[in-house]
C-alpha cells in the first residue's frame, strides 16, 4: 500500500520514471500510480513551486516533478510568508469532500444555534471517542455542534474477507430502530444488537482513508482543519474560537 511505502521515501526525492517535458500532469500521475498496486490519484494540480504537481493519492499529499522523475514527501512551506501550503491545501480538500456528506448520513448532536460545527470520525470501541461522547451535552452547551461519521478502526474487511467487528458494530448502530440511543449505549460500552440495512459506513470509512484519517477521534472544523484527537469541551471551544470556525 501507498501508506506503507511512503515512510521508506522520507529522504525526500527519488527517481521513478523520466519523461521529456511537462504533459499536463500525466507523467506525474502515472509515476505515482506505478509506485504500488491499487494506488488511486484523487487529485492532481500544479504545485505552488514551479515544475511540480501537487498529488493527493490514497490519503497522502506529495509533490511530483512534471516529468515524473522526482517526488517530495513532506509539507510544502512558504518561507517568505511563513505558511504551511500543504496544510492549507489539505483543509480545502477536506472541506469540499465533507460538504458532500449529507446530514442524513451523519449522527448529529447540536444545540439550537451552534456557534461552531465539527465533523468527528469516530469508532464505537475507541476509548477517547467514548470520552468525547460522554461530554456531548457540554460541547453543545459551549455552542459546538458535533456531527459524527463512522471510521471503524479495524477497517471494513479482515484479511480473510469477513466484515471486521468494528465495522459490524458501526453498521448495527446505524441500522438500529433508535439510532441515537444505540450509539449512546455503544459509547458507554454496551453490547450492540446486530442489525443490517443500507448504510453509509463503508463510504465514510473510505472517505476518511482518502482524507488521511489514521485514527479516531479525528476532529475536523468547518474550514477543513484537523484540530486533533480528543479535546475537552473547553479546549475545543478555545481552538475553534481561535481559528474562527
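In this note's numbering, the protein residues as written are 77 to 321.
We put the beta carbon where it would ideally sit given N, CA and C, even for glycine.
Asked, Found
"Short of 7 Å in beta carbon distance, which residues of its chain neighbour residue 249, apart from the five on each side in sequence? Order them along the chain.", "200, 255, 258, 259, 262 and 268"
"Assuming residue 194 contacts residue 223 under a Cβ cut-off of 8 Å, what Cβ separation, rounded to an integer in Å, is found between them?", "7 Å"
"Which of the three DSSP states is assigned to residue 309 in this structure?", "helix"
"Can you tell me where the beta strand (DSSP E) with residue 193 in it begins and where it stops?", "192-198"
"So, is residue 125 buried or exposed, given that buried needs 16 or more other C-beta atoms within 10 angstroms?", "exposed"
"Quick one, which of 208, 114 and 303 has its alpha-carbon nearest residue 185's?", "208"
"In terms of alpha-carbon separation, which member of 251, 231 and 190 lies closest to residue 285?", "231"
"In angstroms with no decimal places, state the Cα-to-Cα distance between residue 122 and residue 161.", "13 Å"
"So, do the stretch 270-280 and the stretch 126-143 have three or more beta carbon pairs nearer to each other than 8 Å?", "no"
"Rounded to the nearest angstrom, what separates residue 135 and residue 246 at their Cα positions?", "22 Å"
"Can you give me the C-alpha to C-alpha distance between residue 150 and residue 288, rounded to a whole angstrom?", "14 Å"
"Quick check on DSSP: helix, strand or coil for residue 262?", "helix"
"Name the two residues that bound the continuous beta strand (DSSP E) containing residue 184.", "183-185"
"Give, in chain order, every unbroken run of the alpha helix (DSSP H) that is at least 4 residues long and sits entirely within the stretch 266-304.", "277-286"
"If we ignore side chains and look at the alpha-carbon of each, how far apart do residue 319 and residue 237 end up?", "42 Å"
"Could you say which of 277, 204, 264 and 105 lies nearest to residue 239 if we only look at CA atoms?", "277"
"Excluding five sequence neighbours on each side, which residues of the same chain lie with their C-beta closer than 8 Å to the C-beta of residue 217?", "187 and 309"
"Of the choices 229, 301, 306 and 302, whose alpha-carbon is the least far from that of residue 282?", "229"
"Which term fits residue 265, buried or exposed, when burial requires 16 or more other beta carbons within 10 angstroms of its beta carbon?", "exposed"
"So, are the CB atoms of residue 219 and residue 191 less than 7 Å apart?", "yes"
"Does the Cβ-Cβ distance between residue 292 and residue 226 come in under 7 Å?", "no"
"Is DSSP giving residue 105 helix, strand or coil here?", "helix"
"Who pairs with residue 147 in a beta bridge, going by DSSP?", "140"
"I need the straight-line Cα distance from residue 189 to residue 244, nearest angstrom please.", "34 Å"
"Buried or exposed, going by whether 16 or more other CB atoms sit within 10 Å of the CB of residue 295?", "buried"
"Check for me: the alpha helix (DSSP H) holding residue 212 runs from which residue to which?", "212-217"
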